[in-house]
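Those protein sequences? They're chains A and B, same order as listed. Letter by letter, the first sequence follows residues 1 to 243 in the numbering used here. Letter by letter, the second sequence follows residues 244 to 499 in the numbering used here. Ideal Cβ positions, reconstructed from N, Cα and C, are used throughout, including at glycine.
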Amino acid sequence: MRERPFRSPHHGTSNAGLIGGGSWPRPGEVSLAHRGVLFLDELPEFAANTLEMLRQPFEDRQVTVARVSGTVTFPASFMLIGSMNPCPCGFFSDPVRECRCGASAVHRYQKKISGPLIDRIDIHVEVPRVEYEKLSSSRTGITSSVIRGRVSAARERQAIRLQGASMLTNADMGPRELTEFGKLDTSGEHMMKAAVNQLHLSPRRYHRVLKLARTIADLEGLDDIQAAHVAEALQYRPRQMAG
Amino acid sequence: MLAKVLSCAVVGLDGVLVEEEVDVGQGLPGIFVVGLPDAAVQESRERVRSAIRNSGGRVPLGKVTVNLAPADLKKAGPTYDLPIALGVLLASRQVYADMSDALVVGELSLDGIVRHAPGIISMVSLAAQKGLERAFVPAGDAPEAALIQGLKVYPVRTLADLVNHLNGELPIEPFEPGPSEESSYISDLTDFSEIRGQEHVKRALEIAAAGAHNALMSGPPGSGKTMLARAMPTILPEMTIQEALEVTKIYSVRGL
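Take a look at the structure:
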């Protein structure tokens, strides 16, 4: 098999099913998504403690299961794609339909995904309703194979650059690699400085933005990160939606 | 008489060599398995007995002791059936062969057909590391086993086939990987061009794919979040050989 795995476990999945385990430890969904995508649909429906267990694989890119009989390590280098509604009814901040949830309900719903987890997600994007004009238009977008070509080229650049650190993608980079490879040009530097000061970015968020800007520059085939790349990366930072 | 056959356990994703010693001696007839076997390994006695009988062999009239070494490692699963059956046949002098350089794995059905074994890549790669030269694996698992270089992989269809091969009556050809027919699931998925609107989300997912970044989509029901996520594999590049091997190993251990 050469195609990357895509796993979409249901939110009823047990901790052991997601992370791996059992008295005879077996790999869980995070390991089955190794080198591919772990898609968690309706993220807030997952049990809070199940989601928190994702923190170790995010940081270490592997899962360690300890049993009396011994400790077993499974690789778990995956990219998480999550989806969620903004509130229990789903229409908070929708321009057309009114949200029927109370402010506290919205708050509680969004609180289900903890701050540390939010912090570990590089890209936050809103998916609004699609207007009729777009839905009915016959204009087709760019095909997947074209995008795939761009993605492959960007990944190749990263793999060559990160070879010495035995990493494959920008998401794997630690602070050391980031200092070495996250070079901003003068305009990028200005932009980043303004962002950190005015948006009060935490050091971790700063690193996330820089990593993301690195990838955006890679997609364009550029060695230095420019202001436009930083600006786009900043758009994908998490936003407090309510309360 | 005593016979030894090499087999393999899987701990996590790594193989551990298991030596199967079979002794046929005086005593009440029966097969006794020692060496921390779990329930599935205990039950292999019954499968081995029937498989031998239905493959034209005979179960020795005496006490058959099977030891799985190292004795302190728990043995799980039915993959020890084939090596135990072979050990019994060797120990009762129904087969004459030197098995010191061979790995044997596989589950047996009552009629002697060899069934799929999970974790075959981990086992065969261990065998290659340990310098073994032959691996007898279930026929269905041979393409997977052949991903490992450095030793000959023999696809075994039935217990009788293995016996005929070892006695030199009807040799099994070592497995040669042919042109692999890739079954692509990508072509069945929604293409990005078929999803209307949401250009900025597609852009975000392209960046996520390019750098393997985590992404979270938030929006009202029905706006296409799930559809966009499910289209992700269509924009991800193929894995390198090294990556594919890592992933195949995990799926092999899970028996998927």
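Euclidean distance between Cα positions of residue i and residue j
| i | j | result |
| --- | --- | --- |
| glutamate 442 of chain B | aspartate 185 of chain A | 28 Å |
| threonine 337 of chain B | leucine 353 of chain B | Just to set this straight, residue 337 of chain B is glutamine in the shown sequence, not threonine. Cα to Cα, glutamine 337 of chain B sits roughly 19 Å from leucine 353 of chain B. |
| arginine 292 of chain B | glutamate 177 of chain A | 60 Å |
| glycine 249 of chain A | serine 436 of chain B | Because chain A spans 1 through 243 in this model, residue 249 of chain A falls outside it and cannot be assessed. |
| alanine 389 of chain B | proline 381 of chain B | 12 Å |
| arginine 120 of chain A | leucine 479 of chain B | 21 Å |
| aspartate 266 of chain B | proline 303 of chain B | 11 Å |
| alanine 242 of chain A | glycine 70 of chain A | Bear in mind that the predicted position of alanine 242 of chain A carries a pLDDT of just 42, short of 50, making it unreliable; the figure below should be weighed with that in mind. For alanine 242 of chain A and glycine 70 of chain A, the distance between alpha carbons rounds to 46 Å. |
| leucine 245 of chain B | glycine 330 of chain B | 8 Å |
| lysine 492 of chain B | isoleucine 364 of chain B | 6 Å |
| alanine 105 of chain A | glutamate 98 of chain A | 15 Å |
| leucine 325 of chain B | threonine 401 of chain B | 9 Å |
| methionine 366 of chain B | valine 399 of chain B | 16 Å |
| serine 187 of chain A | alanine 217 of chain A | 14 Å |
| glutamine 392 of chain B | glutamine 62 of chain A | 26 Å |
| glutamine 110 of chain A | asparagine 49 of chain A | 15 Å |
| tyrosine 494 of chain B | glycine 362 of chain B | 8 Å |
| alanine 472 of chain B | aspartate 315 of chain B | 46 Å |
Chain-ordered chain A contacts of residue i [CB-CB under 9 Å]
| i | result |
| --- | --- |
| histidine 359 of chain B | Near histidine 359 of chain B there are no residues of chain A at all, since even the closest Cβ is about 16 Å away, more than 9 Å. |
| leucine 256 of chain B | Pro27, Ser31, Val72, Thr73, Phe74 and Pro75 |
| lysine 445 of chain B | Gly141, Ile142 and Ile147 |
| phenylalanine 275 of chain B | Within chain A, no residue comes near phenylalanine 275 of chain B; the closest Cβ sits about 23 Å away, beyond 9 Å. |
Buried versus exposed, by CB contacts within 10 Å (16 or more), residue i
| i | result |
| --- | --- |
| histidine 10 of chain A | exposed |
| glutamate 387 of chain B | buried |
| lysine 193 of chain A | exposed |
| serine 466 of chain B | buried |
| glycine 34 of chain A | One detail in the question is off: residue 34 of chain A reads as histidine in this sequence, not glycine. Under this definition histidine 34 of chain A is a buried residue. |
| glutamine 285 of chain B | exposed |
| glycine 258 of chain B | buried |
| glutamate 350 of chain B | buried |
| glycine 278 of chain B | buried |
| asparagine 85 of chain A | buried |
| isoleucine 118 of chain A | exposed |
| leucine 271 of chain B | exposed |
| lysine 134 of chain A | exposed |
| isoleucine 81 of chain A | buried |
| leucine 346 of chain B | buried |
| proline 414 of chain B | exposed |
Neighbour list for residue i in chain B, Cβ cutoff strictly below 8 Å
| i | result |
| --- | --- |
| valine 171 of chain A | Sequence inspection shows alanine at residue 171 of chain A; the valine mentioned does not correspond to that position. Near alanine 171 of chain A (Cβ distances below 8 Å), the residues of chain B are Gly454, Ala455, His456 and Asn457. |
Neighbour list for residue i in chain B, Cβ cutoff strictly below 7 Å
| i | result |
| --- | --- |
| serine 152 of chain A | Pro480 |
| methionine 79 of chain A | Ala451, Ala455, His456 and Asn457 |
Partner residues on chain B for residue i, Cβ-Cβ distance less than 9 Å
| i | result |
| --- | --- |
| proline 86 of chain A | Ser461, Gly462 and Pro463 |
| aspartate 218 of chain A | Ala453 and Gly454 |
| phenylalanine 39 of chain A | Thr469, Ala472, Arg473 and Met475 |
| isoleucine 121 of chain A | His456, Asn457, Ala458 and Leu459 |
| serine 137 of chain A | Arg439 and Gly440 |
Proximity to residue i [Cα-Cα], best of the options
| i | options | result |
| --- | --- | --- |
| alanine 370 of chain B | B:Ala458, B:Ala252 and B:Val496 | B:Ala252 |
| aspartate 431 of chain B | B:Lys247, B:Gly421, B:Ser368 and B:Thr477 | B:Thr477 |
| tryptophan 24 of chain A | A:Glu133, A:Thr73, A:Ser152 and A:Met79 | A:Thr73 |
| arginine 358 of chain B | B:Pro321, B:Met244, B:Ser495 and B:Ile438 | B:Pro321 |
| glycine 164 of chain A | A:Phe181, A:Arg150 and A:Arg148 | A:Phe181 |
| leucine 32 of chain A | A:Glu45, A:Arg67 and A:Ala16 | A:Ala16 |
| alanine 47 of chain A | A:Ser14, A:Glu126, A:Met1 and A:Val127 | A:Ser14 |
| glutamate 412 of chain B | B:Leu459, B:Ala403 and B:Arg377 | B:Ala403 |
| valine 68 of chain A | A:Gly21, A:Ile225 and A:Arg100 | A:Gly21 |
| threonine 483 of chain B | A:His229, A:Ile216 and A:Leu168 | A:Leu168 |
| serine 77 of chain A | A:Pro88, A:Asp60, A:Met84 and A:Asn85 | A:Asp60 |
| glutamate 262 of chain B | B:Val276, B:Gly255 and B:Leu256 | B:Val276 |
| valine 396 of chain B | B:Val406, B:Leu405 and B:Arg377 | B:Arg377 |
| proline 420 of chain B | B:Ala455, B:Lys373 and B:Asp384 | B:Asp384 |
| serine 93 of chain A | A:Thr64, A:Val127 and A:Val146 | A:Val127 |
| arginine 239 of chain A | A:Leu199, A:Gly221, A:Ala228 and A:Thr215 | A:Leu199 |
| glutamate 156 of chain A | A:Leu222, A:Asp41 and A:Arg108 | A:Leu222 |
| aspartate 224 of chain A | A:Ala231, A:Ala213 and A:Pro5 | A:Ala213 |
| alanine 294 of chain B | B:Arg439, B:Val406 and B:Gly454 | B:Val406 |
| serine 114 of chain A | A:Val37, A:Glu45, A:Ala103 and A:Ala195 | A:Glu45 |
Interface partners of residue i on chain A, CB under 8 Å
| i | result |
| --- | --- |
| lysine 395 of chain B | The premise fails here: lysine 395 of chain B is roughly 24 Å from chain A at the closest Cβ pair, so nothing lies under 8 Å. |
| tyrosine 428 of chain B | Glu3 |
| isoleucine 438 of chain B | Gly141 |
Residue i: contacting residues in chain A (beta-carbon distance under 7 Å)
| i | result |
| --- | --- |
| isoleucine 364 of chain B | Residues of chain A passing the Cβ test: none, with the nearest at roughly 12 Å. |
| glutamine 441 of chain B | Val127 and Val130 |
| arginine 497 of chain B | Arg26, Pro27 and Leu32 |
Cβ-heavy atom distance, residue i to the ligand SAH, below 7 Å
| i | result |
| --- | --- |
| proline 463 of chain B | Looking at this structure, you won't find the ligand SAH or any other ligand, since it has none at all. |
Continuous alpha helix (DSSP H) assignments of at least 4 residues falling wholly in the segment 124-198 of chain A:
Taking only runs of at least 4 residues, the alpha helix (DSSP H) segments lying wholly in the segment 124-198 of chain A are 132-136, 144-161, 175-181 and 186-198.
Hey, which unbroken runs of the alpha helix (DSSP H) at 4 residues or more fall wholly within the segment 267-355 of chain B?
282-297 and 324-334
Ignoring anything shorter than 4 residues, give me the alpha helix (DSSP H) runs that lie fully in the segment 405-437 of chain B, in order along the chain.
none
Whole runs of the alpha helix (DSSP H) within the segment 366-390 of chain B, excluding any shorter than 4 residues
Listed in chain order, they are 385-388.
Give, in chain order, every unbroken run of the beta strand (DSSP E) that is at least 3 residues long and sits entirely within the segment 26-75 of chain A.
37-40, 62-67 and 70-75
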